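Colleague: Chains as they are written, first to last, in the working numbering: chain A, 126 to 426; chain B, 19 to 270; chain C, 53 to 381. Ideal Cβ placement from N, Cα and C applies to all residues, glycine included. Model, not experiment: these values are computed from the prediction.
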Amino acid sequence: MKRVSRGDWLLSAATGAAVVLVLGSLVAILGAIVVRGAPVLSPKFVFGSPGADPADGGLLPVILGTVACTLLMTVACVPLGVTTAVWLSEYAPRTSTLAGIVRSAIRNLAAVPSIVFGLFGLGFFVLFVGGKIDSVFYAQATGPVFARPAILWSSLTLALLTLPVVVVTTEEALRTIPRDVREAAFALGATRLQVVWRVILPHAKSGIWTGVILAVSRGAGEVAPILFTGVVGWQSRAPTDARDGFMHLGNHVYLLATQAPDVERAQPALYGTVVLLLLLTFSLNIAAVILRHRSRAGARA
Amino acid sequence: MSDPKIDVRDLSVFYGKKQALFDVGLAIRERRVMALIGPSGCGKRTFLRALNRMHDLSEGARVTGSILLDGEDLLDERVDPVEVRRRIGMVFQRPNPFPKSIFDNVAFGLRVANLVTSAGLSDRVEESLRAAALWEEVKDRLDESAMSLSGGQQQRLCIARAVAVRPEVLLMDEPASALDPIATEKIEELIVELGKKYAIVIVTHSMSEAARVSDHVGFFYSGKLVESGGTKQTLESPKEKETQAYLAGRFG
Amino acid sequence: MTALARPVRGKPRPSLLGSTATPRWERIVERLIAAVAFVSVAAVLSILAFVAREAAPLFWEGREHLPDLILPRQWAGYDAPAHVWQPVGFPPKHDVVPLLIGTLKITGLAMLVAGPIALLSAVYIAELAPRRVREVVKPAIELFAGIPSVVLGFFSLVFIAHFLERLFGLTYRLNALVAALGLALTIIPVVFTVSEDALRAVPKSLREASAALGARRWQTTLLVVVPAALPGIAAAFVLGFGRAIGETMIVLMASGIAPVVDASPVSSARTVTATIAAELGETARGGEHWRVLFALGVLLFLITWALDRMGASAVARLRRRLHGPEAES
Numbered sequence: 126m127k128r129v130s131r132g133d134w135l136l137s138a139a140t141g142a143a144v145v146l147v148l149g150s151l152v153a154i155l156g157a158i159v160v161r162g163a164p165v166l167s168p169k170f171v172f173g174s175p176g177a178d179p180a181d182g183g184l185l186p187v188i189l190g191t192v193a194c195t196l197l198m199t200v201a202c203v204p205l206g207v208t209t210a211v212w213l214s215e216y217a218p219r220t221s222t223l224a225g226i227v228r229s230a231i232r233n234l235a236a237v238p239s240i241v242f243g244l245f246g247l248g249f250f251v252l253f254v255g256g257k258i259d260s261v262f263y264a265q266a267t268g269p270v271f272a273r274p275a276i277l278w279s280s281l282t283l284a285l286l287t288l289p290v291v292v293v294t295t296e297e298a299l300r301t302i303p304r305d306v307r308e309a310a311f312a313l314g315a316t317r318l319q320v321v322w323r324v325i326l327p328h329a330k331s332g333i334w335t336g337v338i339l340a341v342s343r344g345a346g347e348v349a350p351i352l353f354t355g356v357v358g359w360q361s362r363a364p365t366d367a368r369d370g371f372m373h374l375g376n377h378v379y380l381l382a383t384q385a386p387d388v389e390r391a392q393p394a395l396y397g398t399v400v401l402l403l404l405l406t407f408s409l410n411i412a413a414v415i416l417r418h419r420s421r422a423g424a425r426a
Numbered sequence: 019m020s021d022p023k024i025d026v027r028d029l030s031v032f033y034g035k036k037q038a039l040f041d042v043g044l045a046i047r048e049r050r051v052m053a054l055i056g057p058s059g060c061g062k063r064t065f066l067r068a069l070n071r072m073h074d075l076s077e078g079a080r081v082t083g084s085i086l087l088d089g090e091d092l093l094d095e096r097v098d099p100v101e102v103r104r105r106i107g108m109v110f111q112r113p114n115p116f117p118k119s120i121f122d123n124v125a126f127g128l129r130v131a132n133l134v135t136s137a138g139l140s141d142r143v144e145e146s147l148r149a150a151a152l153w154e155e156v157k158d159r160l161d162e163s164a165m166s167l168s169g170g171q172q173q174r175l176c177i178a179r180a181v182a183v184r185p186e187v188l189l190m191d192e193p194a195s196a197l198d199p200i201a202t203e204k205i206e207e208l209i210v211e212l213g214k215k216y217a218i219v220i221v222t223h224s225m226s227e228a229a230r231v232s233d234h235v236g237f238f239y240s241g242k243l244v245e246s247g248g249t250k251q252t253l254e255s256p257k258e259k260e261t262q263a264y265l266a267g268r269f270g
Numbered sequence: 053m054t055a056l057a058r059p060v061r062g063k064p065r066p067s068l069l070g071s072t073a074t075p076r077w078e079r080i081v082e083r084l085i086a087a088v089a090f091v092s093v094a095a096v097l098s099i100l101a102f103v104a105r106e107a108a109p110l111f112w113e114g115r116e117h118l119p120d121l122i123l124p125r126q127w128a129g130y131d132a133p134a135h136v137w138q139p140v141g142f143p144p145k146h147d148v149v150p151l152l153i154g155t156l157k158i159t160g161l162a163m164l165v166a167g168p169i170a171l172l173s174a175v176y177i178a179e180l181a182p183r184r185v186r187e188v189v190k191p192a193i194e195l196f197a198g199i200p201s202v203v204l205g206f207f208s209l210v211f212i213a214h215f216l217e218r219l220f221g222l223t224y225r226l227n228a229l230v231a232a233l234g235l236a237l238t239i240i241p242v243v244f245t246v247s248e249d250a251l252r253a254v255p256k257s258l259r260e261a262s263a264a265l266g267a268r269r270w271q272t273t274l275l276v277v278v279p280a281a282l283p284g285i286a287a288a289f290v291l292g293f294g295r296a297i298g299e300t301m302i303v304l305m306a307s308g309i310a311p312v313v314d315a316s317p318v319s320s321a322r323t324v325t326a327t328i329a330a331e332l333g334e335t336a337r338g339g340e341h342w343r344v345l346f347a348l349g350v351l352l353f354l355i356t357w358a359l360d361r362m363g364a365s366a367v368a369r370l371r372r373r374l375h376g377p378e379a380e381s
């Protein structure tokens, strides 16, 4: 038998225990929530029409609101993010000051607290942009048309919040493309844009998808940025217009957990909503991890 | 002739299913320099790293056969590889000083083994740096980071670090290959000097280096030891045709 | 040159000089791509500008109230000068000190819990775990970052609060400690990921040198690898701290949200982020309360920005340390 020195044993025990603790709490969180939440998820609870009391379920408009907001966000942030990454990796000289500025802006953007995005969304999109639109196009309207919280503004706020996720993941994918792939295309007389469009982007497809999934997962789980920019409490319908307020699973969890008049009665609905939110965000995360793992393994092979 | 310092018998090394070294037998003598030569990928480095059980550090590597150090098999599973490495020091291809002070680098091996009291520490550090011909250059800046030294100085520091624990054998893995000619010359002088005190095994890709520093050579080719013997006669009149071809520069 | 320009098979070839294989529209598209890349720069600048814009009038309207934002004051009904955050009181009291203390208390506690756990886990994964274990456990820990903070807030509110209540029999069910434990769950993946990267960035040659000198594994880890990675580990802690300060939903749901000024870890506490989230919805635009909340937003932006810069420069320092001064990029 091999002897293990006491120092080695102590180090393994201490660090191993920490890992077990971390993984244990992950399992505990997911387990506790899923065990209590999954039984609540009846078709009626999930897809039923909402009644007067949110504790009774009927989450369809909440789900639709979340999906609509997340989709709008994706439409806004993915083209922006991918284009930025393409510029950084294919156009900007590696050591240029401009690229440095963009990179540090991306970094800063990722570090801004989500609640500050909320303040910004309110101050910029709702009050400034919305106010300008109203004063130009809706000067005769009695109340604010665009200058009020709306799903449009929430989505745009979230789009900026998730922009760094898309940029960083896409750039990473672009960087793994071997140099000779680009050179081969250039040597055949392709222009730079043709190389990007026909060679680089198709090559980086799975990496870009990873970024999109991660951004969706991140954006769908954020509550703080939408608190003042568009989310509403309990209403019975889903948004039909970009200027409507909307309900959101994350905000719904917050409301049920802290503002429900009858806490006991709201419990099942709360667990059910949390499971739905986790299904949307966490499962996407797992998908992204698997996708990334595969594309890396593919790049190595 | 006395018993060899290290007697290697039937040594084979596997990486996963791939065998990298085939049944090598070789004797390494006290106070002599043995140079291992051969084309890249021939197994000379694999052989060297088996001698101080570095393969224990990589997953999936397996070593069979026996390596007798003064008659004791250091591959025996009751042997602690850490003890082996305290007796058989190693210098690597690229200088790899720790990002610590010059002093702490040299003292590292002594400290981890609790070999000397802190009072004796600075004496041993000085002794080792002198042995590595570095003392005069660094004696006034022992507290500076080792990363501030030049490449050649860093490599001599690594040699000082290795000899500080007073090993019985010193392994060197192409110690001069990353250095400029002047630094290389200094390292080679040092090897010759140290060869008077230790058994040294050095891997090199340079025939002229082997000729300059070694007493014996072992020629490896595709995982096998093809030929070994005194440096002069092996390099001048090799017996095997692979050795002849290699020395004639027909493959490299 | 002349040979290329010479007519081939009767058909004249155009000169290479001034040739235009790349069409004009493509050059315009390239400009657009560059312009889009700068949206992020514009975004960062406008975040600061538009949050500050709502806060700025504090400095010219009712300037006499400015000292009350940070200095204790003798309020009616109080025995001694005190720091009070009571925006709906009469008169409204907007002293932000209790919020800053609450933030430091909760994030500090969270760091105390999360830092060591995350670092130890990183050491295990980077140094000790067999490859197969690492390939499974590392993404699993990083998945933690994929749980929405509102879910972690809910978990803290229900489970952690219940657990601590049973364990200690506390006066306040929701308190700084509950929020800190919830917050720790969001910091762990940050500190873990960054310090694991730093540990793995330590070249294998240093580990081999250490082993060849007869160091045991724990000696190599604690005396060589961890010290070499130290700037990166520091960066991990700084970045984790930045994340903790900016986190909103967990502290909003689990801290008990009363702006109490004391040192007890189990009294209720309120952070800057939670205050903004809880109060802005019911605040009239342009009032002093509104402006103070946006000013707190500016403060958060600046603090997290500074912490992020510190983290980034520590990582750069790590790179220089491990690979010499020339490996800058």
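Indicate whether at least one CB of chain B lies closer than 7 Å to the CB of glycine 266/C.
Modeller: True, the Cβ-Cβ gap to chain B drops below 7 Å.
Colleague: Strictly under 7 Å for the Cβ-Cβ distance: is tyrosine 263/A near chain C by that measure?
Modeller: Answer no: the Cβ-Cβ gap between tyrosine 263/A and chain C never drops below 7 Å.
Colleague: Under the rule that 16 or more other beta-carbon atoms within 10 Å means buried, what is tyrosine 382/C, buried or exposed?
Modeller: With chain C running from 53 to 381 in the structure shown, residue 382/C is simply not present.
Colleague: Using the Cα positions of tryptophan 134/A and asparagine 114/B, report the straight-line distance between them to the nearest angstrom.
Modeller: Their Cα atoms are separated by approximately 27 Å.
Colleague: I need the DSSP call for valine 129/A, collapsed to helix, strand or coil.
Modeller: Three-state DSSP puts valine 129/A in coil, outside helix and strand.
Colleague: What does a CB cutoff of less than 8 Å around leucine 359/C pick up in its chain, not counting 5 residues either side in sequence?
Modeller: Result list for leucine 359/C: Val290, Leu291, Phe293, Gly294 and Ile297, in chain order.
Colleague: DSSP has glutamate 245/B in a bridge; who is on the other side?
Modeller: According to DSSP, glutamate 245/B bridges with Phe237/B.
Colleague: Between glycine 56/B and alanine 38/B, is the Cβ-Cβ spacing less than 7 Å?
Modeller: Result no, Cβ atoms of glycine 56/B and alanine 38/B do not sit closer than 7 Å.
Colleague: Run through DSSP, which three-state label would lysine 214/B get?
Modeller: It is coil, neither helix nor strand.
Colleague: Taking 7 Å as the CB-CB cut-off, is valine 130/B touching chain F?
Modeller: The displayed structure is made up of protein chains A, B and C, and chain F is not among them.
Colleague: Compare the C-beta of alanine 379/C with all C-beta atoms of chain A and state if any pair is closer than 7 Å.
Modeller: Residue placement at alanine 379/C cannot be trusted, given a pLDDT of 42 that sits under 50; the coordinates are not used to answer.
Colleague: With a threshold of 8 Å, are at least 3 pairs of Cβ atoms found where one atom belongs to the segment 205-220 of chain A and the other to the segment 314-322 of chain C?
Modeller: Result no; under three Cβ-Cβ pairs closer than 8 Å.
Colleague: Between the alpha carbons of valine 93/C and tryptophan 334/A, how many angstroms are there, rounded?
Modeller: C-alpha separation (whole angstroms): 24 Å.
Colleague: By how many angstroms is the C-alpha of proline 139/C removed from the C-alpha of valine 243/C?
Modeller: If you take the alpha carbons of valine 243/C and proline 139/C, they lie about 36 Å apart.
Colleague: Give every residue of the same chain whose Cβ lies closer than 8 Å to the Cβ of alanine 426/A, excluding the five residues on either side of it in the sequence, and list them in chain order.
Modeller: Because the pLDDT at alanine 426/A is just 44, under 50, the model does not fix this residue reliably, and the value given afterwards should be weighed accordingly. No residues qualify anywhere along the chain.
Colleague: Rounding to the nearest angstrom, what Cα-Cα distance links alanine 301/C and valine 277/C in this structure?
Modeller: Note that residue 301/C is methionine in the sequence shown here, rather than alanine. In a straight line, the C-alpha of methionine 301/C is about 37 Å away from that of valine 277/C.
Colleague: Within 10 angstroms of the Cβ of methionine 126/A, are there 16 or more other Cβ atoms? Answer buried if so, exposed if not.
Modeller: Unreliable positioning characterises methionine 126/A in this predicted model, as indicated by a pLDDT of 42, which lies under 50. The coordinate reading is nonetheless provided below. Result: exposed.
Colleague: Would you mind working out which of Ser246/B, Ser224/B, Thr249/B and Gly107/B sits nearest serine 58/B, comparing C-alpha positions?
Modeller: Closest by alpha carbon: Ser224/B.
Colleague: Out of curiosity, what's the CA-to-CA distance linking valine 103/C and phenylalanine 245/A?
Modeller: Those two C-alpha atoms are separated by around 6 Å.
Colleague: Report yes if the C-beta distance between leucine 281/A and alanine 329/A is below 7 Å; otherwise report no.
Modeller: Contact flag unset, no.
Colleague: Could you tell me whether the Cβ of arginine 269/C comes closer than 7 Å to any Cβ of chain A?
Modeller: Cβ-Cβ to chain A under 7 Å: yes for arginine 269/C.
Colleague: Considering only their Cβ atoms, is the gap separating valine 81/B from valine 31/B smaller than 7 Å?
Modeller: Going by C-beta atoms, valine 31/B is nearer than 7 Å to valine 81/B.
Colleague: Compute the beta-carbon to beta-carbon distance between glycine 169/B and alanine 196/B, rounded to the nearest angstrom, for a pair I have assumed lies under 8 Å.
Modeller: Contact flag correct, Cβ pair sits at about 6 Å.
Colleague: Rounding to the nearest angstrom, what Cα-Cα distance links proline 241/C and proline 350/A in this structure?
Modeller: Rounded to the nearest angstrom, the two C-alpha atoms are 22 Å apart.
Colleague: With H, G and I counted as helix, E and B as strand and the rest as coil, what does DSSP make of isoleucine 415/A?
Modeller: Residue state, collapsed to three classes: helix.
Colleague: Counting C-beta neighbours from all protein chains within 10 Å, is the total for tryptophan 21/C 16 or more, i.e. buried, or is it exposed?
Modeller: The structure shown does not extend to residue 21/C, since chain C is modelled only from 53 through 381, so no value can be given for it.
Colleague: Taking the alpha helix (DSSP H) that alanine 315/A belongs to, which residues open and close that run?
Modeller: Careful: alanine 315/A lies outside any alpha helix (DSSP H) and carries neither H nor E.
Colleague: Give the interface partners of alanine 196/B over in chain C, defined as CB-CB distance under 9 Å, in chain order.
Modeller: Under the 9 Å cutoff, chain C gives no residues; its nearest Cβ is about 11 Å from alanine 196/B.
Colleague: Taking arginine 148/B as the reference, give the member of Asp94/B, Val109/B and Arg179/B with the closest Cα.
Modeller: Selected option, being the one with the closest Cα: Arg179/B.
Colleague: Would a check of beta-carbon distances place leucine 251/C closer than 7 Å to chain B?
Modeller: By this cut-off, leucine 251/C is not an interface position.
Colleague: Would you identify the three-state DSSP class for tyrosine 80/A, choosing helix, strand or coil?
Modeller: Residue 80/A lies beyond the stretch modelled for chain A, which goes from 126 to 426, so this question has no answer here.
Colleague: Hey, how far is the Cα of proline 311/C from the Cα of proline 133/C?
Modeller: Cα-Cα distance, rounded: 16 Å.
Colleague: Which residue comes first and which comes last in the alpha helix (DSSP H) that contains aspartate 191/B?
Modeller: No alpha helix (DSSP H) holds aspartate 191/B; the beta strand (DSSP E) holding it covers 187-191.
Colleague: Name the two residues that bound the continuous beta strand (DSSP E) containing glycine 169/B.
Modeller: Unbroken run through glycine 169/B is the alpha helix (DSSP H), 169-182; no beta strand (DSSP E).
Colleague: Would a C-beta distance cut-off of 7 Å place leucine 189/B and leucine 69/B closer than the cut-off?
Modeller: Cβ atoms of leucine 189/B and leucine 69/B: closer than 7 Å.
Colleague: If you draw a straight line from the alpha carbon of glutamine 271/C to that of alanine 182/B, how long is it in whole angstroms?
Modeller: For glutamine 271/C and alanine 182/B, the distance between alpha carbons rounds to 17 Å.
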